[in-house]
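A.B. asks: Under full-length UniProt numbering, the very last position in the sequence shown is 268; numbers go up by exactly one each time.
We put the CB at the ideal spot given by N, CA and C, even for glycine.
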Amino acid sequence: MLKEITVKSNKNLKFPPSIQSKKVYLWIGLLALIVWSANGTNFNPLLFRDFGNTLDFIKRSFLNPDWSVLPLALKESIITIQIAIMGTATAFLLAVPLGFLGAKNTSPHWSIYSLLRTFLSFLRSIPEIVFALIFVPTVSLGPFAGVLALALHNIGVMGKLFSEIIESADIGPQEAVTATGAKKQIMVLYGIVPQVIPHILSNAFYRLEVSVRASLVLGLVGAGGVGQLLSIHFKMFQYNKVAVDCLVIMAMVIIIDYIGGILRRKVI
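(1) Looking only at its own chain, which residues have a Cβ that is under 6 Å from the Cβ of L94, when we skip the five neighbours before and after it?
(2) Give the DSSP-derived three-state secondary structure of H109 in the structure shown.
(3) Kindly indicate which three-state DSSP category I126 falls into: helix, strand or coil?
(4) Taking the Cβ atom as the reference point for each residue, do A214 and E128 lie within a distance shorter than 8 Å?
(5) Would you mind reading off the limits of the alpha helix (DSSP H) that contains T90?
(6) Taking its Cβ as the centre, do 16 or more other Cβ atoms sit within 10 Å of M250, making it buried, or is it exposed?
(7) As a quick exercise: from E164, V193, K160 and M158, pick the residue whose alpha carbon is nearest that of Q174.
(8) With a 10 Å radius around its C-beta and 16 neighbouring C-beta atoms as the bar for buried, classify F162 as buried or exposed.
(9) Roughly how many whole angstroms lie between the Cα atoms of Q185 and V96?
(10) Could you name the residues of the same chain whose beta carbon sits closer than 7 Å to that of I112, not counting the 5 residues immediately before and after it, in chain order?
(11) Quick one, are the C-beta atoms of A149 and A132 less than 8 Å apart?
(12) Apart from the five residues just before and just after T90, which ones in its own chain have a Cβ nearer than 6 Å to its Cβ?
(13) Check for me: the alpha helix (DSSP H) holding F162 runs from which residue to which?
Take a look at the structure:
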């Protein structure tokens, strides 16, 4: 009788799913998500069967480049770098104080923290190209529109990054400064700032690299730089000039990435 009761009670027991079962469900969910996305985007590798147009484009462009456009492409690439530098530097100067005001451990009041985080999320959610489409009719075609577009988006991105870096600062130095009877401003200056400066600068250099690539896209809507030159040559079907533009862009991005990597390693 006791055995029957024990068996029945064991059957009624519900054990939580094992870790292995959870992993299986996770992989099934991820696979279903990929299949759903592939169906929504008409993903079909079988479409890669006719490379005639691609080969014709390569033949008319990269196999027959028009090097006469090289000086102009180099000049416009310098403008692209200048757009990225100004957009990043302007955003950095504003993002640092906003980062401190938008961090939980340094914000003077929770309402300021909440408002700033919402504002930074708003700026971060709008792509640079949308800002460029707004500013091009406002300040006319040219690099200044690209600078403004990059600056606004980077304020949102860097402000959020900096605030999270500040929030993750080690509590030990902060407590040590506070134990001396120092005010909050002094604690921030000596307990947090020395910790976060290398990480803030490292992220700023990374955003500069990203801004160089973003400024290329901004050129497609008239915000200046080599991206605008590339857009003009594409629209005029001058594919032999497009090849030179692309080569200059690739060289510029590689050089900027290399220099940015060195600077980040020096800072950290």
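C.D. replies: Concretely, from the data shown:
(1) I155
(2) coil
(3) coil
(4) yes
(5) Per DSSP, T90 belongs to the alpha helix (DSSP H) from L70 to L101.
(6) exposed
(7) V193
(8) buried
(9) About 15 Å.
(10) Once the five neighbours on either side are set aside, the close Cβ partners of I112 are L101.
(11) The Cβ atoms of A149 and A132 sit closer than 8 Å to each other.
(12) Excluding sequence neighbours, T90 sits near A151.
(13) For F162, the enclosing alpha helix (DSSP H) has its first and last residue at P143 to E167.
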